[in-house]
Every structure is written in structure tokens, then in C-alpha cells.
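Undergrad:
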Amino acid sequence: MPVTNSRRSRNTGITLSRRAGMVFVLPALILFVIFILYPLITALSYSLFDWTGIVRGDFSVFDNYVTIFTQLPYKDAIPNAFVHNILLFVGAMVFQNTIGLGLAVLLHRVRRFKRFFQTVYTLPYLVSPLVVGYLWSLMLSPLFGPVNAVLKGIGLDALAQPWLGNPTTAIWVVVFVTAWQWVGFPVLLYGAALGGIPDEIDEAASLDGATPWQRFRDITGPLLLPAIGTVSVLTFIGAMEAFAIPYALGGSAGNPAGATDVLSLLFYRTAFESGSSNAIGTSSAIATLLFLFIFGVALLMTWLMRRAERRLY
Amino acid sequence: MSATTTSTRASRARAAKASRAARLPGQRLTLGSFLGSGFLWLYALIAIAPLVLMVLNSFRTMPEMAKSPLGLPLQPTLTSYQKAWITADFQTYFFNSIFVTVASVLLSTAVSLLAAYAFSRTKSRIFTLLEGTFLSGLMLPVYLAILPLFFLLDSLGMVSNLWSLILVYAALGIPFSTFVLTGFFRQLPIELDEAAKLDGAGSFTTFLRVHLPLVRPAIATVIVFRFVPVWNDFFYPLILIRDQKAYTLPVGITRFFGEYQTDWATLFAGLTLATIPLVVLFLLATKQIVSGLTAGMSK
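Protein chains in written order, with UniProt numbering: chain A, 1 to 313; chain B, 1 to 299.
1) DSSP on W51(A), reduced to helix/strand/coil?
2) Buried or exposed for E241(A), please, with buried defined as at least 16 other CB atoms from any protein chain shown within 10 angstroms of its CB.
3) Under a CB-based cut-off of 9 Å, is E259(B) close to chain A?
4) Quick check: is the beta carbon of W136(A) nearer than 9 Å to any beta carbon in chain B?
5) If you follow the alpha helix (DSSP H) that A244(A) is part of, which residue opens it and which one closes it?
6) Between the C-alpha atoms of I46(B) and F227(B), what's the straight-line distance to the nearest angstrom?
7) What does DSSP give as the partner residues of F59(A) in its beta bridges?
8) Could you pull out every residue in the same chain whose Cβ sits closer than 7 Å to the Cβ of I237(A), ignoring the five residues on either side in sequence?
9) Closest to L40(A) by C-alpha separation, out of P141(B), Q82(B) and S108(B), would be which residue?
10) Taking contact to mean at least 3 C-beta pairs separated by less than 8 Å, is the region 278 to 288 of chain B in contact with the region 96 to 105 of chain B?
11) Span of the alpha helix (DSSP H) holding residue 300(B)?
12) Can you tell me the Cα-Cα spacing of G191(A) and T178(B), whole angstroms?
13) Thinking just about the alpha-carbon of each residue, which of G100(A), A308(A) and G57(A) is nearest to the one in L188(A)?
14) In terms of residues, what are the limits of the alpha helix (DSSP H) holding E309(A)?
15) Quick check on S276(A) - is its C-beta less than 9 Å from some C-beta in chain B?
16) For L101(A), would you say it is in contact with chain C, using Cβ-to-Cβ distances shorter than 9 Å as the test?
17) List the endpoints of the continuous alpha helix (DSSP H) containing D202(A).
18) Note down, in chain order, all residues in the region 115 to 128 of chain B with a beta-carbon under 8 Å from any beta-carbon belonging to chain A.
19) So, at 6 Å on beta carbons, what are the nonlocal neighbours of L192(B) in its own chain, with the 5 sequence-adjacent residues on each side left out?
20) Going straight from the alpha carbon of G26(B) to that of L35(B), what length do you get?
21) Based on Cα-Cα distance, which residue from I253(B), A88(B) and T122(B) lies nearest to V23(A)?
22) Going by beta carbon distance, what residues of the same chain come within less than 6 Å of H108(A), once the five residues before and after it are set aside?
23) Just tell me which of S80(B), F185(B), S33(B) and L153(B) has its CA closest to the CA of L273(B).
24) I'd like to know whether the C-beta of V159(B) is nearer than 9 Å to at least one C-beta of chain A.
25) Taking the C-alpha atoms as reference points, what is the distance between V233(A) and V183(A)?
26) Using a threshold of 8 Å, is the CB atom of F59(B) nearer than that to any non-hydrogen atom of the ligand MN?
27) Does the count of Cβ pairs from the region 250 to 270 of chain A and the region 165 to 185 of chain A closer than 8 Å reach three?
28) Spell out a yes or no on whether the region 263 to 270 of chain A and the region 281 to 294 of chain A are touching, meaning 3 or more CB-CB pairs, one atom from each, closer than 8 Å.
29) Less than 9 Å between CB atoms is the rule here; does Q161(A) satisfy it with respect to chain B?
30) Please name the residue, chosen from D199(B), I241(B) and T182(B), that lies closest to R216(B) on a Cα-to-Cα basis.
31) Let's test the definition: count the other Cβ atoms within 10 Å of the Cβ of S112(B) and tell me whether it reaches 16, buried, or not, exposed.
32) Would you please state the rounded distance, in angstroms, between the beta carbons of F176(B) and L138(B)? I believe it to be under 8 Å.
33) Let me know the secondary structure DSSP gives P148(B) once reduced to three states.
34) Please tell me whether V231(A) has its Cβ less than 9 Å away from any Cβ of chain B.
35) Using the Cα positions of G173(B) and G102(A), report the straight-line distance between them to the nearest angstrom.
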């Protein structure tokens with residue numbers, strides 16, 4: 001987690017020789033190369049070949065990329081899934097930077113029950129996304145789901161409905177459940193960042209007559225910027241990689257009718273369930289594009305964040 | 001910043017603290033703070049209600065649930081747990097998950113400790129490059145490399161072998177773990193190394209005897225933070241584990257969810273079982289997690 005800002009502590013003395021250093025790095029390097037670097041690079045190369053089952057055929061340059069943009073089901077499924085990933089990101093950001101930040105700021109002032117609140121807010125973040133998805137699918141069930149029971153109980157019968165069966169509401173359920181699970185994470189991170197801001201700054205401003213909102217806008221807010229940046233980057237990566245919650249709520253096909261489909265589900269289906277003879281070629285093309293997009297945007301966001309920080313301090 | 005500004009600021013801050021202390025009792029009852037704590041309680045309810053319902057319902061029976069979806073377990077029963085644990089084979093999934101999580105977290109922490117130590121005690125372009133490469137792993141959508149990974153493990157005869165998951169998770173943990181640990185090692189004064197060297201200790205002994213005990217809090221943080229995603233991961237076992245005997249909990253749950261779709265009480269018991277270890281870990285380590293994060297954040 002790139003939590004710190006770029007400043008490093010001064011202690012970078014040299015006490016290891018180059019060779020000794022290499023010996024220390026070697027075990028991690030071997031694991032990293034075999035299980036991360038090699039498969040990643042290979043996956044990119046897969047997308048440039050024509051495949052028959054698991055047999056690699058001719059070098060086909062960008063044929064697989066042409067396929068995924070011109071042929072059904074890909075040319076419809078990719079934009080559909082992409083929009084859903086973006087909705088997940090936006091939903092989580094809106095949720096986190098209003099509710100999450102609000103909770104963290106309030107919690108920072110509280111003495112009593114602080115630990116209790118912190119624990120409660122973080123619990124959903126700890127639970128497996130798959131469990132969270134299944135749990136909410138039961139909660140929202142049209143048969144005996146507690147959510148509809150509550151709605152009926154308070155006289156809102158009209159709102160009670162099969163949330164996951166309806167294509168227009170289903171994707172919002174996925175967005176909501178994802179955001180619900182993630183709120184605890186910014187509460188923790190923003191909480192830690194707030195803890196790192198000396199009280200004196202805020203107190204001095206309040207002595208100078210600044211209102212709470214002014215103090216937040218001009219002091220606390222800017223000082224939280226590194227944390228907000230970190231949360232945004234991680235939320236973006238998380239939203240683009242979302243798999244388990246959509247899988248639990250809509251199955252591997254993104255039911256109903258692709259309404260809850262996301263890119264990683266599409267990739268999974270193409271690679272393992274499509275039955276297409278060139279499944280490896282097309283799925284690797286999807287993976288490569290997704291890979292470039294996620295890594296590119298994450299790098300860009302980190303760079304923008306660093307620049308904004310440098311301008312502030 | 002000059003010394004005079006610092007001292008003015010400090011004295012002003014002291015004055016502010018004094019005046020705030022004097023004002024505080026009056027402020028506590030404002031509408032704002034009342035709404036604030038109301039919001040804290042309301043969100044606590046939203047965050048925890050589904051989880052509480054999950055646990056409560058796991059002690060009820062299906063007919064009871066159909067009658068009142070929000071009722072309390074008036075005659076709590078463990079039947080559902082028995083069914084999930086034995087009939088649905090959660091015991092197998094549970095111990096597979098424990099084994100995979102513990103082994104991979106220990107392995108990745110061990111190799112990351114060594115690497116982080118090297119990064120903090122060397123200064124050469126190659127190490128900067130390696131550190132950057134590891135760090136970039138934080139932003140790479142690594143699961144997209146699943147096909148080559150699958151073929152690699154298949155050619156080694158390791159599909160459906162829990163060690164395939166352990167090695168993959170250990171590698172995936174390296175970016176985060178080295179990142180946190182390197183930060184901690186860098187904070188340890190170089191004089192420690194020099195003193196140990198004078199006493200005749202080699203680099204490995206210095207690392208083991210001097211540095212390792214001092215970064216214990218960071219080790220705990222790394223272990224807790226890696227435990228969560230590894231325990232919860234669904235994607236890798238879904239693809240790398242084909243044999244039901246080697247299923248981890250998340251894959252076991254998908255199976256079980258299809259099979260017991262109408263037996264809600266058993267479903268709730270299964271979901272609860274998959275969640276318990278993390279909640280226990282978290283309750284034991286909240287302080288560790290929060291202080292670990294703070295340490296990671298501070299400059």
C-alpha cells in the first residue's frame with residue numbers, strides 16, 4: 001500500500017555489500033519472477049497469437065484485439081462490463097469520500113466508544129467479498145429477505161421488490177454492496193492520517209477565529225490529501241478488479257441479462273467457460289487491455305497525487 | 001522554519017489548548033455534536049446489522065426464519081453448524097484455508113524481511129530498481145496472468161495442490177510486505193549495524209539478532225494485513241484448485257451455496273464459519289492494525 005508520501009527517512013547507510021544484499025533479496029526475487037513477472041509478460045504475449053485450445057498457433061499480430069472489438073459477444077459485452085466497473089469506482093468514491101471521511105473526522109473527536117466504532121466500521125471490510133455478496137443476496141431475497149421485511153414493516157410496501165432480479169436495480173445493488181464493504185478502509189486510513197496531524201495546528205486556527213468548516217477546508221482537508229490520493233488509487237484498482245461480489249450476486253454470467261457483468265467476470269468466462277477454440281487468444285487480449293488500463297491509470301493517479309502534494313507543502 | 005516562529009507557534013498553541021479546555025464543557029451539548037454522534041451510531045448499525053443477522057440466523061431453523069425474517073433465535077440450535085461443518089464438508093475447506101493462509105503469510109513475510117533488510121542497507125542502482133519493481137506489484141492487476149500461471153503449475157503437476165496457492169500468495173504478498181518492512185528497517189539507526197559489526201557479527205547474525213526483534217510491530221502488521229486478502233481470496237483457488245478435497249473456504253462456499261440454496265440456516269452457518277477467524281484475528285489485533293497504519297503513514 002503506497003501509504004507514505006515520497007519523503008524518506010534519513011537513515012540510508014550502507015552496511016551490506018552488493019553481494020550480501022543480493023543473497024538477501026534472492027528468495028523474494030525468485031518467487032516474484034516465477035509467479036508474477038513471468039506469467040504477466042507471458043500473458044501479454046499470448047494475446048498476439050492465434051490459439052487452438054491449448055496449442056499456440058501463428059503469430060497473429062492484433063487479430064485478437066480486432067476480434068474483441070468487432071465480434072459478438074465481445075463488442076457488446078466489453079463496453080457493458082466497463083461501464084459497470086466505472087460505476088463501482090464512482091460509487092465507492094462517493095461513498096468513501098462522504099461517509100468514510102465524515103465518519104473518520106467525527107471519530108477523531110470522539111473519546112468514548114472510539115475503539116468500538118472503529119471495529120464495527122472495519123468489520124465488513126474484513127469479511128470475504130464472496131461472503132458479503134452471498135449475505136446481501138440473502139438479505140435482499142424477494143422471498144424472506146429481511147430488507148423487504150423491514151420495508152413492509154415501515155409501510156413502504158411499494159419499495160419492496162426483487163432487487164437482484166430486476167436489471168435496473170441489480171447493478172446498483174452491486175455498487176451499494178461494494179461501497180458498503182469498503183467504507184471501513186478509508187475510515188482506518190483517514191483516521192491514521194488525522195492522527196498524524198498535530199492538534200496544535202487546528203487549535204491555533206480556531207484561536208484565530210476560523211470556523212470548523214474553514215478549518216477543515218484550509219487545514220485538515222489539504223493535510224489529508226495524501227491519504228485521499230492513496231484511497232482513490234486503491235479504490236480504482238479494487239473497482240477494476242472486482243470479481244467476488246459480482247460473482248456472488250449475479251453468477252459468472254452477470255445475471256440478470258448481463259446487468260451485473262464486470263470485466264474480470266468477462267475475462268473469466270472468455271478464458272474458462274466460452275468453449276471458443278481461441279479462448280486463450282481472446283481472453284488474453286481482454287486481459288492485456290485491462291492490464292494496461294489499470295496500470296496506466298493507477299500510475300497517472302499516483303503521479304498527479306505526488307504533484308499536488310509537492311505544490312501544497 | 002526559524003526558531004522564533006516555532007516558539008511563537010508553540011506558545012500560541014498552548015494558549016489555544018487552554019482556551020479550548022475552558023470552552024469544552026459548553027460545546028459538548030451543541031446540536032452539531034449531537035447529530036455527529038447520531039451519525040456514528042446510525043452508520044454502526046448499517047455496518048453491523050447484516051453481520052448480526054447472519055450470526056443470529058445461523059442459530060435458527062428454516063421455518064422460523066420464513067415466519068419472521070427479523071426474529072431472534074428463541075430456541076438456538078447448532079444443527080446448521082453441524083450440517084455445514086460435517087455434511088457440507090466445511091471442516092476440510094476450513095483446514096485447507098488455515099494451512100494455505102498460515103503457510104503463505106509466513107513464507108512471504110520471511111522472504112520480504114530479508115529483501116527489505118537488503119533494501120534498507122544497500123545503496124546501488126540495482127537495488128533501487130528491484131525495490132521499484134516489487135513496489136509496482138501494488139498496482140498491477142496480477143490476476144490477469146492466470147492463464148500462464150495455470151499452465152506453469154499444470155506442467156509442474158501442481159494444479160489442485162495447496163502448495164500452488166501457497167507459492168502464488170507468497171509472491172503476491174511481497175510488494176506490500178517489503179514496502180512496509182523496508183520503511184521500518186530504514187528507521188533503525190545505522191549505528192546498530194556498526195556496533196554489531198564491531199562485536200564481530202556477520203550481516204545475517206546482525207539481521208537476525210539485532211534488527212528482527214526491533215521490527216516486531218511491523219512484522220505483526222504485515223502478517224495481519226496479508227492474512228485478510230489471502231483468507232478471503234476466491235479467484236486463484238477457483239481456477240487453480242480442481243479437486244474438491246483441496247478446496248479452500250471461498251470455493252467451498254460457492255459449491256455449498258448452490259446445493260443448499262433453500263436451506264438458509266445452513267447457508268448462514270457456513271458464511272459465519274468463513275468469517276470467524278478474521279473477526280477473531282481482528283479483535284485481537286485492532287490496536288496493532290491501527291498503529292501499524294499510523295506508522296506507515298507518518299513521514
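Idealized CB from N, CA, C, for every residue including glycine.
TA: Concretely, from the data shown:
1) Your numbering for residue 51(A) matches position 51 in the first sequence. Correct three-state label for W51(A): strand.
2) Within the first sequence, numbered from 1, the residue matching residue 241(A) stands at position 241. Under this definition E241(A) is a buried residue.
3) As a working note, residue 259(B) is residue 259 in the second sequence. Judged by the 9 Å Cβ criterion, E259(B) is not in contact with chain A.
4) The count along the first sequence starts at 1 and reaches residue 136(A) at position 136. Interface residue, yes.
5) Looking up residue 244(A) in the first sequence gives position 244. Segment A244 to G250, the alpha helix (DSSP H) holding A244(A).
6) Translated into positions along the second sequence, residue 46(B) becomes position 46. Translated into positions along the second sequence, residue 227(B) becomes position 227. If you draw a straight line from the Cα of I46(B) to the Cα of F227(B), it comes to about 25 Å.
7) By one-based count along the first sequence, residue 59(A) stands at place 59. DSSP lists F49(A) as partners of F59(A).
8) Position 237 of the first sequence holds residue 237(A). Within the same chain, I237(A) has close Cβ partners I294 and A298.
9) Indexing the first sequence from 1 puts residue 40(A) at position 40. Closest in alpha carbon position to L40(A), among P141(B), Q82(B) and S108(B), is P141(B).
10) no
11) The displayed coordinates of chain B run from 1 to 299. Any statement about residue 300(B) would go beyond what the structure contains.
12) Here residue 191(A) is taken as the residue at index 191 of the first sequence, counted from 1. Here residue 178(B) is taken as the residue at index 178 of the second sequence, counted from 1. The straight-line gap from Cα to Cα measures roughly 23 Å.
13) For the purposes of this step, residue 188(A) is identified with residue 188 of the first sequence, where counting begins at 1. Answer by Cα proximity: G100(A).
14) Mapped onto the first sequence, residue 309(A) falls at position 309. That run of the alpha helix (DSSP H) goes A279 to L312.
15) Indexing the first sequence from 1 puts residue 276(A) at position 276. No, because no Cβ of chain B sits closer than 9 Å to the Cβ of S276(A).
16) Any reference to chain C falls outside this structure, whose protein chains are A and B.
17) Translated into the one-based positions of the first sequence, residue 202(A) becomes position 202. Annotation for D202(A): the continuous alpha helix (DSSP H) segment containing it runs D199 to L207.
18) Answer set for the region 115 to 128 of chain B: A115, Y117, A118, F119, S120, R121, T122, K123, S124, I126 and F127.
19) Residue mapping note: residue 192(B) aligns to position 192 of the second sequence, counting from 1. Counting only Cβ-Cβ distances below 6 Å, and skipping sequence neighbours, we find V210.
20) In the second sequence, counting from the first residue as 1, residue 26(B) sits at position 26. In the second sequence, counting from the first residue as 1, residue 35(B) sits at position 35. Here G26(B) scores only 41 on pLDDT, less than 50, and its place in the model is too uncertain to base an answer on.
21) Here residue 23(A) corresponds to residue number 23 of the first sequence, with the count starting at 1. The residue with the shortest Cα to Cα distance from V23(A) is T122(B).
22) Locating residue 108(A) in the first sequence gives position 108, counting from the first residue. Answer for H108(A): L194, listed in chain order.
23) Here residue 273(B) refers to the residue found at position 273 of the second sequence. Comparing Cα positions, the closest option is S80(B).
24) For the purposes of this step, residue 159(B) is taken as the residue at position 159 of the second sequence. No, its Cβ sits nowhere closer than 9 Å to a Cβ of chain A.
25) Numbered from 1 along the first sequence, position 233 holds the residue referred to as residue 233(A). Numbered from 1 along the first sequence, position 183 holds the residue referred to as residue 183(A). For V233(A) and V183(A), the distance between alpha carbons rounds to 15 Å.
26) This structure lacks the ligand MN, and indeed carries no ligand of any kind.
27) yes
28) yes
29) Translated into positions along the first sequence, residue 161(A) becomes position 161. It does not; no Cβ of chain B falls within 9 Å.
30) Within the second sequence, residue 216(B) is the residue found at index 216, counting from 1. Measuring from the Cα of R216(B), the nearest candidate turns out to be T182(B).
31) Sequence index remark: in the second sequence, residue 112(B) carries index 112 (1-based). Its Cβ being crowded by 16 or more others within 10 Å, S112(B) is buried.
32) By 1-based counting over the second sequence, the position of residue 176(B) is 176. By 1-based counting over the second sequence, the position of residue 138(B) is 138. So it is a contact: roughly 6 Å between Cβ atoms.
33) The residue labelled residue 148(B) in the question sits at position 148 within the second sequence. If DSSP states are grouped into helix, strand and coil, P148(B) belongs with the helices.
34) Translated into the one-based positions of the first sequence, residue 231(A) becomes position 231. V231(A) does not count as touching chain B.
35) On the second sequence, position 173 is the one that residue 173(B) refers to. On the first sequence, position 102 is the one that residue 102(A) refers to. Roughly 31 Å separates the two Cα atoms.
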